[in-house]
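Novice:
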Amino acid sequence: MNNRTRIRQSASAMLPLKLEKHVEFVGDIQWMPLLSEDEANRKWLMRNCTLCEHEFSDEDLDDGPKCPSCNAMERTRTMPILMHYLQKMNQNWFEGEYLAFALTNLEEKIIRPHYGELCSVSLYGSYRANHQLGMDIRDLSRFEDRRFCATFSCLIFDYLTEHDKALRELNRVIKNEGVFITHIANYRLSDSDDEPVETGRISAGPDSFTYLGDDTIPSINVGKEWFFRALDRAGFTPGLIAIRDPPTEEYFLWFVGIKRAQ
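Sequence positions in the sequence shown follow the numbering used here and run 3 to 264.
#1: Using the beta-carbon count (16 or more within 10 Å), is Ser-122 buried or exposed?
#2: Return the residue from the list Ile-245, Gln-264 and Leu-172 that minimises the CA-CA distance to Leu-88.
#3: At which residues does the alpha helix (DSSP H) containing Thr-78 begin and terminate?
#4: Just to confirm before moving on: does the CB-CB distance between Leu-191 and Leu-233 stay below 8 Å?
#5: Check whether the segment 47-64 touches the segment 84-98, counting contact only when three or more Cβ pairs, one atom from each stretch, lie closer than 8 Å.
#6: By Cβ distance, which residues of its chain are closer than 6 Å to Pro-249, with the 5 residues on each side in sequence left out?
#7: Does the contact criterion of 3 or more C-beta pairs under 8 Å hold for the segment 197-217 versus the segment 145-154?
#8: At 3 residues or longer, what runs of the beta strand (DSSP E) sit wholly inside the segment 141-215?
#9: For the ligand FAD, is there any heavy atom lying closer than 7 Å to the beta carbon of Glu-252?
#10: In the DSSP output, what is Ile-1 paired with across the bridge?
#11: Tell me which same chain residues have a C-beta within less than 8 Å of the C-beta of Phe-154, skipping the five on either side of it?
#12: The alpha helix (DSSP H) with Asn-92 in it runs from where to where?
#13: In this structure, how does DSSP classify Leu-125 when only helix, strand and coil are distinguished?
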């Protein structure tokens, strides 16, 4: 069986995900060994925030999913679990420079121990000192080939249709065997092979997307299987990990790619 056949079978097998354990893997990449449910529950206590260990009460959950102690959202709380299972892939990159799009302070805190210097970029908004503004993920021509050991993004493929183009650019700037990580919102993902499609336009509101000003950006839906295969087309060995957030028990999906040697 060749690699491309395995990828097609892996993509088809992901639908639907069973979501019976604390994590579920798809893809032919080197995850860390799966912890038993008892081991996982001891490491990441149910009802507790994985970042600050705040124990959620029923009242906390009634008020919403955000942690009342550290303000972490559910997807952010799955990141320590994600980074645990990426240790084999990250083991050579502790001092490598990584490229991160619109990285929040909480996300940086989680990622910092696993890579070296941060190159912080975004298309809109300024996130920290030495941040590069106006960086379009579809055009990374400011950066030379194979500069970064990893790239990280969260909720960025949710707002553009040119996924293939963006993935090719990311592959170009990542070193061989470097790591690609992204999260797409659950409600934007379908159990299908549907290519990215614009479903509407997003404009600035009183409390959201204020950085857009008078601009608008597209709202996107895409099939899980399509994006998984798009990673392969761009030159990555693709993977997908579904992770259960301990307080809410909701699952969040992270796409992972390892750049194949070129």
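Beta carbons: idealized from backbone N, C-alpha and C, even for Gly.
Specialist: Per the coordinate set shown:
#1: buried
#2: Ile-245
#3: 76-79
#4: no
#5: no
#6: Arg-49 and Phe-58
#7: no
#8: 150-156, 176-185 and 199-205
#9: As far as ligands go, the structure on display features none, and thus does not contain the ligand FAD.
#10: Because the chain here runs from 3 to 264, residue 1 falls outside it and cannot be looked at.
#11: Tyr-100, Leu-101, Ala-102, Phe-103, Leu-105, Glu-109, Ile-113, Ile-183 and Thr-184
#12: 89-92
#13: coil
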